[in-house]
Every structure is written in C-alpha cells, then in structure tokens.
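Single-structure report; data block below.
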Amino acid sequence: MKRIAVVDNEKLRDMSQKQHIQSLCPVNRSGTECIKLEGSLLTIDEVTCIGCGICPKAAPDAIKIINLPEILDKKPVHRYSENGFALFNLPMVFFDKVTGILGVNGIGKSSAIKVLAGILKPNFGEIGKEGQYDELIEFFKGTEMQLFFEKVKAGAVRISYKPQQVEIIAKTQKGKVKDLLKKVDEKNALEEISKKLEIEKILDNDIDKLSGGELQRVAIAASVLKEAELYIFDEPTSYLDIKQRINVSKFIRNLANENVAVLVVEHDLIIFDYMSDNSHIMYGSEDVYGSVSGIKPVKNSINTYLSGFLKEENIRFRDKQVKFEERKPFIGKNPDKLIEWIGMSVKLGKFSLEAGEGAINKGEVIGVLGENGIGKTSFVKILAGEIKASGKLDENIKVSYKPQYIEASEELVMIYLKDAIDKYTNQIIDPLNLKPLFLKKLNELSGGELQRVVTAGCLAKDSDLYLLDEPSAYLDVEQRLKVSKVIKDFMELKGKSALIVDHDLLFLGYLSDKLMVFEGTPSENGIVKGPFLMEEGMNIFLKKLNITLRRDKESLMPRINKEGSVLDREQKEDNKYYYG
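Quick note on the numbering used here: the sequence shown kicks off at -4 and runs consecutively.
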C-alpha cells in the first residue's frame, strides 16, 4: 500500500527530540534508513516506511503518516517539499457552467486552482522542478483536461483569477479604486460592472481605506474586467453580508456561457448550492494530501458531502453523516426575561441606531441578520456594555463577548483556554479539535484556528448571555457545522442564552430559536426589529432579498429556489419565503 509521510520540522522542538524519534523507528533499528537526519531536518523515506505509527505518536503535531487509497496509486500533480503536502488530480473545467469546489481547509483547493490559473507550476512530485503545459498535457492524456491544457497552451483559453486573500490588495496597491480598475479594464465595462457589484460609490476612495467587503467586490470587478474564457474565484463571498452574497452569486452565475467557464471555491453551503451548476468534492487528509472527486450535479455533490462517503471512489472521508432536521415549532424554554430594552438609541458619528422594544429570554438562542454597516456589531457592543445608549436597558447580567475582529496576542493557546480545558474538554475542546493548537501562540494561528479558539474561550466563561459576532468567519463548511453544533449543544446543556450575528443562513438557521432583523441604510441608520419566531423573522428578511428557501427532500438542507421557478412563484404567492 502506498503511503504518504508529512513532517513539519518547525514543530519539532530540538535535535534531541528528532534523534529520539529516529531511534524509535523499527525500520532504522533493523539496519535500513527510514527516518533520516539531514543537518537539522528530519525526513522520512516513504518507500521504506512500514506505517507502524510509532513516530506520529511520538510527535502527533509534527508527523503524519497516512495510507493512501488505491485510487491515488500514482504521481501527484504537485508536492510542496519532501515530506510535504501532496496534491493529486485537478478539477475539470466546463464551459457554460459554474463548477464549485467543496472541501475543508488545508485539503488543497487553493493549490488546485492556482495550478489551473498558471500561478503554481506543478512539479509532479519532483521537488525543485517547474512543470510546463506540455507535461500537464501528457499527465492528463486521454481526459478532457488534456484538451483544456492544449487550448491554454495555444492561447485559446485565457484565465482570470481572483485570489482568496483580498486584504493583500490594500497592502500592495495604492491610489483610487477607479484608477486600479481602469488599468485592468480590457472590456471597457468599468461603469457597468461597478453598478452590478454596487461599488460605484467607492470608486473615488483610496484602496487602503476600503473595508473587507468592499475589497472583495473590487477584487471580483478587477477579475471580471479582464477578457478571459475561464474565471476562477477563490472564496468570493468572504466579508460579504447575505444581501451582497446573493448579488455576487447572481453576478458570477451570469458570467458562464458557451464560451466562458467559471470555477468557484466557497464555504457558505447555501450560497455554494445557489451559485454552482455542478461540483467536485476535494477529499484527503488536512495538511497531508488532497485529491478531487469526479464531477457531480451540485445537489448530488452536496448530499454526498453531507453523507461523508464517495460511492464511485469507495472513499469515506467523514465518520458521521451530517443530518438536518425539520424545524419543530418553537416552545419557549423559559418565559423569564434575561435582558430587555425599550426605546434604545445611539448616535455614532453620522450613523444612528434605534431599537424599539425587545427582550431575550433565559435559554434562548437569537440569530441576527442584516446588511453590513447597519448596526449589528454596535448593538452587540451595547449589550456587552462597550457602547452606552439612551433608553431603557437591563445591565445587571454577566456577559461573555466574542468580537467580530479578533486581536491576537503572544499568549499560548493552552493558557488562553485554561477554563475551557478545565471544565469543558468534552463539550468544547474535543469537538472543535483544539488540542493540536495548545502549544501555539494566538498570533501564530490561521484565521480559522483563531476563530475556533476565541469562540471556545467565549463559551468557557461563566455568563448569563453569550454574544458571538460572526463566529463562522474564516471557517470551512465542516468547521461551521461543528461550531454551530457546539454552540447549540452548549446552550442547551447550560440553559444559557446567546445572541449570534452571522451571514451564513445555514449556520443561523441551525442554531437559532428566534431571529432579529436589522433594517435601514448602511452607514446612515439602523433599525432593530424583533426578536421574531424563526419563521417570521426569516420571512421578513428573505422577502427583502426576493428569494425563497425550500428544504432538500433527501438531506433536508435549506436550498434557494431558482428565481421564477414554480416553487419560487408558489411560495411568494403564499407569502412563505422560508420553509423551516
């Protein structure tokens, strides 16, 4: 059986530890060199390795040895280093289609689309080599991807790529938005595209003054203004509110035609479903290897992903099936009010926020939906005691607050999470897989790792009300499902209340007992409405977006109806935009 060994030498503390690991290896002890020390680097020979599992147990954070499925008994498309991450296979490109790529973080999605975009030169497992299109053509001989790379080589397919980390734009580009977009406007369509992506009002703004959501839409505009036959978008809805996500999804869908193909990586499952025509699932082992499943219609792909089993490849990539349930009518767990507000308002510069009358009862989880810049975070800060507002507000409760923007310090994760480790290892630490992060500093964590750690820290505090602002940000699909379950189960276990702001409808729909809806004009005024029962709140919110949701018959996952479809028209006529 072929196996892959990955070694992170930065996590191996010193030479004595490396020598100890080397001494444990039974292959080494028999006289064959399997684990080697080359200078300060520890390496593992995958050919002589017998997969005994001793060295991963000695250094579980630094060494991973995985047996590959039979289907991957071949050369990788790319390997980052000896004993580094390996990518097998690539997504396919279909003209007149939006093809989605679904999978967890650290599985090679961005690497795969960088190869397609020509940014990452594949080495086919030969470290230090940079493969050319002739080698890609040979590697995929006999498949549709052979024809694709032949067209790319001939210049018949031009590629435009929107990277994942749009915040880099603000660091590398200077000047006005309009000037940046004019430089790349090969279609002479700046005015039209700006209007569709709702960035007309920021064209004269400096790039380094833009918010994350504005940078995202500018990056999408810059990609689409280029003449191309393949458009690739890596996480195009990060930083966007749900209204903007729907708008960007429609915009991306409309790009595909008989001469244009689109590839998308996206973690919001409802938006992924809405945006894509077909999709691949990427499977493997996080930070070890990744491969690409066969192409499937998007509905089948999502249901397969939720089941955790690829039938055609005979590969199980998750232990448990993800199941959604029909929403039961909400029955108040406790009629006692935990916190109440009446006639509350605040003025923050040019922005004003008003909240008429509302309350959170004991034991309730309240979801919060609304556009960016409409006061959701300000409202959470009022409840957290960080902003003072006029009107009546009960303030005699203990609050635990996870802010939207997290500042990372040099504190060790295990110190930061001391309370969670002492009291809630089974409820929080294990389900969120936080043990491998214990010896890292907060400022060494990725965005998704930091989000999980800070969410765990918030839940571990002894409080009456838990306030979590965008806890799904930077998380992949799998992590969002886990975090939502942890929060929901924790609130039920402790009988506590939570208020959760997020833009992922699936995330909030799973978690929430009730919903608050924020209306108004972004950056000018916000109006707090609710809490409503979930169905009523969703109905109000979805009606403004002019979309309807149904439940998938197989998985019961909420799905957006195609605009103008029979079901879409029927639900709108019945004023039932949300089927909970």
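From the three backbone atoms N, C-alpha and C, an ideal C-beta is built for every residue, glycine too.
Leaving aside the five residues before and after residue i along the sequence, list all residues of the same chain whose C-beta is less than 6 Å from its C-beta, in chain order.
{"i": "leucine 551", "result": "Phe319"}
{"i": "phenylalanine 246", "result": "Lys191"}
{"i": "phenylalanine 83", "result": "Leu67, Pro71, Ser286"}
{"i": "valine 363", "result": "Lys371, Val496, Met511"}
{"i": "valine 161", "result": "Leu210, Gln211, Ala214"}
{"i": "asparagine 367", "result": "Gly208, Asp236"}
Per DSSP, what are the beta-bridge partners of residue i in this structure?
{"i": "glutamate 349", "result": "Ser340, Ile522"}
{"i": "leucine 378", "result": "Answer by DSSP bridge pairing: none, since leucine 378 is not bridged."}
{"i": "phenylalanine 90", "result": "Ala256"}
{"i": "serine 286", "result": "Phe83, Tyr278"}
{"i": "tyrosine 226", "result": "Ser155, Val257"}
{"i": "histidine 73", "result": "Leu82"}
{"i": "serine 385", "result": "Ser340"}
{"i": "glutamate 514", "result": "Ile522"}
Can you tell which of the options has the C-alpha that lies nearest to the C-alpha of residue i?
{"i": "valine 213", "options": "Leu175, Lys397, Asp236", "result": "Leu175"}
{"i": "leucine 305", "options": "Asp91, Leu97, Lys31, Gly26", "result": "Leu97"}
{"i": "aspartate 40", "options": "Val2, Ile30, Cys47", "result": "Ile30"}
{"i": "valine 536", "options": "Tyr505, Leu500, Pro553, Pro517", "result": "In the sequence as presented, valine is not what sits at residue 536; that position holds phenylalanine. Residue Leu500 is the option with its Cα nearest to phenylalanine 536."}
{"i": "alanine 112", "options": "Gly123, Glu349, Leu225", "result": "Leu225"}
{"i": "glycine 285", "options": "Glu193, Gly103, Asp236, Val293", "result": "Gly103"}
{"i": "threonine 576", "options": "Gly26, Gln14, Lys557, Phe312", "result": "Since the first residue shown for the chain is -4 and the last is 575, residue 576 is missing from the structure and cannot be characterised."}
{"i": "aspartate 282", "options": "Ile60, Glu568, Asp464, Ser302", "result": "Ile60"}
{"i": "asparagine 309", "options": "Glu193, Pro466, Ser288", "result": "Ser288"}
{"i": "leucine 463", "options": "Val472, Glu473, Ala451, Gln474", "result": "Ala451"}
{"i": "isoleucine 337", "options": "Leu378, Asn249, Lys571", "result": "Leu378"}
{"i": "glycine 120", "options": "Thr138, Glu139, Phe135, Lys69", "result": "Lys69"}
{"i": "lysine 418", "options": "Ile382, Ala455, Pro426", "result": "Ala455"}
{"i": "lysine 397", "options": "Gly380, Lys387, Ile163", "result": "Gly380"}
{"i": "glycine 279", "options": "Arg(-2), Gln566, Glu568", "result": "Arg(-2)"}
{"i": "lysine 548", "options": "His498, Met140, Asn62, Lys294", "result": "Lys294"}
{"i": "leucine 445", "options": "Asp459, Glu77, Leu235, Ser467", "result": "Ser467"}
{"i": "arginine 475", "options": "Glu487, Ala350, Pro426", "result": "Pro426"}
{"i": "glutamate 130", "options": "Leu185, Glu5, Phe144", "result": "Phe144"}
{"i": "methionine 270", "options": "Glu568, Glu558, Lys571", "result": "Glu558"}
{"i": "glycine 150", "options": "Val523, Lys571, Ala223", "result": "Ala223"}
{"i": "valine 93", "options": "Phe134, Ile16, Ile290", "result": "Ile290"}
{"i": "serine 347", "options": "Val1, Val152, Phe513", "result": "Phe513"}
{"i": "methionine 339", "options": "Gly207, Ile522, Gly48", "result": "Ile522"}
Should residue i be labelled buried (16 or more other beta-carbon atoms within 10 Å of its own) or exposed?
{"i": "histidine 275", "result": "buried"}
{"i": "glutamate 406", "result": "exposed"}
{"i": "arginine 564", "result": "exposed"}
{"i": "arginine 322", "result": "buried"}
{"i": "asparagine 541", "result": "exposed"}
{"i": "threonine 167", "result": "exposed"}
{"i": "arginine 24", "result": "exposed"}
{"i": "methionine 10", "result": "exposed"}
{"i": "glycine 358", "result": "buried"}
{"i": "aspartate 471", "result": "buried"}
{"i": "lysine 509", "result": "buried"}
{"i": "arginine 74", "result": "buried"}
{"i": "lysine 169", "result": "exposed"}
{"i": "aspartate 268", "result": "buried"}
{"i": "glycine 532", "result": "buried"}
May I ask which residues mark the beginning and end of the alpha helix (DSSP H) holding residue i?
{"i": "serine 244", "result": "237 to 248"}
{"i": "tyrosine 269", "result": "264 to 270"}
{"i": "asparagine 23", "result": "21 to 24"}
{"i": "glycine 207", "result": "207 to 219"}
{"i": "isoleucine 39", "result": "Not the alpha helix (DSSP H): isoleucine 39 falls in the beta strand (DSSP E), residues 36 to 39."}
{"i": "phenylalanine 312", "result": "Taken as a continuous stretch (DSSP letters only), phenylalanine 312 belongs to no alpha helix (DSSP H), as it is neither H nor E."}
{"i": "alanine 639", "result": "Coverage of the chain is limited to positions -4 through 575, which leaves residue 639 absent and any answer about it impossible."}
{"i": "threonine 450", "result": "442 to 455"}
{"i": "isoleucine 392", "result": "Isoleucine 392 -> no alpha helix (DSSP H), and no H or E assigned at all."}
{"i": "proline 51", "result": "49 to 53"}
Taking the beta strand (DSSP E) that residue i belongs to, which residues open and close that run?
{"i": "serine 106", "result": "It is not in any beta strand (DSSP E) - serine 106 instead sits in the alpha helix (DSSP H) that spans 104 to 112."}
{"i": "valine 147", "result": "It is not in any beta strand (DSSP E) - valine 147 instead sits in the alpha helix (DSSP H) that spans 139 to 148."}
{"i": "lysine 59", "result": "58 to 62"}
{"i": "methionine 486", "result": "That residue, methionine 486, is in no beta strand (DSSP E); its alpha helix (DSSP H) goes 472 to 489."}
{"i": "serine 189", "result": "Segment 185 to 191 is the alpha helix (DSSP H) holding serine 189; no beta strand (DSSP E) there."}
Residues in the same chain with beta-carbon distance under 7 Å from residue i, minus the five sequence neighbours each way, listed in chain order, please.
{"i": "threonine 232", "result": "Arg240, Val243, Glu261, Asp263, Ile266"}
{"i": "glutamate 335", "result": "Ala354, Asp389"}
{"i": "isoleucine 545", "result": "Looking at the sequence itself, residue 545 is arginine, so the reference to isoleucine does not match. The residues are Arg554, Asn556, Leu562, Tyr574."}
{"i": "threonine 43", "result": "Val22, Thr27, Cys29"}
{"i": "aspartate 3", "result": "Ala57"}
Keeping to the same chain, check which residues put their C-beta closer than 8 Å to that of residue i; ignore five residues upstream and five downstream.
{"i": "isoleucine 108", "result": "Pro86, Ile96, Tyr156, Ile227, Asp229, Leu258, Val260"}
{"i": "valine 408", "result": "Leu429, Leu432, Phe433, Leu434, Lys435, Lys436, Leu437, Leu440, Val448"}
{"i": "isoleucine 382", "result": "Val341, Leu343, Ser373, Lys376"}
{"i": "asparagine 200", "result": "Lys171, Val172, Glu209"}
Would residue i count as contacting chain D if we go by Cβ distances under 9 Å?
{"i": "serine 385", "result": "No chain D appears in the structure shown, which is made up of a single protein chain."}
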